[in-house]
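Contents: one structure, followed by commentary.
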Amino acid sequence: TYELRMRLQTYLFDHLDHLELNGHPTERLPGNLNVSFAYVEGEALMMAIKHVAVSSGSACTSASLEPSYVLRACGVSEDLAHTSIRFGIGRFNTEAEVDFVKKYVVEQVAKLREMSPLYEMAKEGIDLSKIEWAAH
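According to the working numbering, the sequence shown is numbered sequentially starting from 18.
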């Protein structure tokens, strides 16, 4: 499972920008991959990749729309925690399945980011932390 997780992780980080690996890079369960995809809501990505069994946040909060308290305790910002997806790879998963998932996720993240004005602003070099957002 470690090799399959690394296959997925390496591909995602090689093909997408603005990703954050949540958790320790090596001190983790071999089949566990939790990634934040900045500028993409985790719930939106889950719906976009509905043919893939993933969850948003940690296993402890998978039924909640609140950001994972585990990720928050690890220092992940609330905004980034909302963009996280947890992949669980087990002994029965195959290379072919991981290869399908890695390409499918990259494709769907790109589609969702095309619709994101925040992603466009970030690509243009605008510092989003300096913007004063109006409350509705």
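Note that CB positions come from ideal geometry on N, CA and C, so glycine has one too.
| Check | Outcome |
| --- | --- |
| Residue(s) in a DSSP beta bridge with A48 | The amino acid at residue 48 is misidentified as Ala; the sequence shows Gly. G48 is not bridged to any residue. |
| Spatially closest choice to S73 from N49, A98, A55, G142, by CA coordinates | A98 |
| Run of the alpha helix (DSSP H) containing G107, from where it starts to where it stops | Element bounds for G107: n/a, residue is neither H nor E. |
| Rounded Cβ spacing between Y56 and H35 (contact assumed at less than 8 Å) | 6 Å |
| Inter-residue CB distance, Q26 and L50 (contact presumed, cutoff 8 Å) | 6 Å |
| Counted within 10 angstroms of its Cβ, other Cβ atoms place S146 as buried (16 or more) or exposed | exposed |
| Residues near Y19 in its chain [Cβ-Cβ closer than 7 Å; skip 5 each side] | P47 |
| Buried versus exposed, by CB contacts within 10 Å (16 or more), T111 | exposed |
| Whole-angstrom distance between A70 and M23, CA atom to CA atom | 18 Å |
| Coarse secondary structure for S146, derived from DSSP in three states | helix |
| Residue closest to L38, alpha-carbon to alpha-carbon, out of Y28, S53, E44, R45 | S53 |
| Beta-carbon proximity list for S133, same chain, < 6 Å, skipping 5 on both sides | Y56 |
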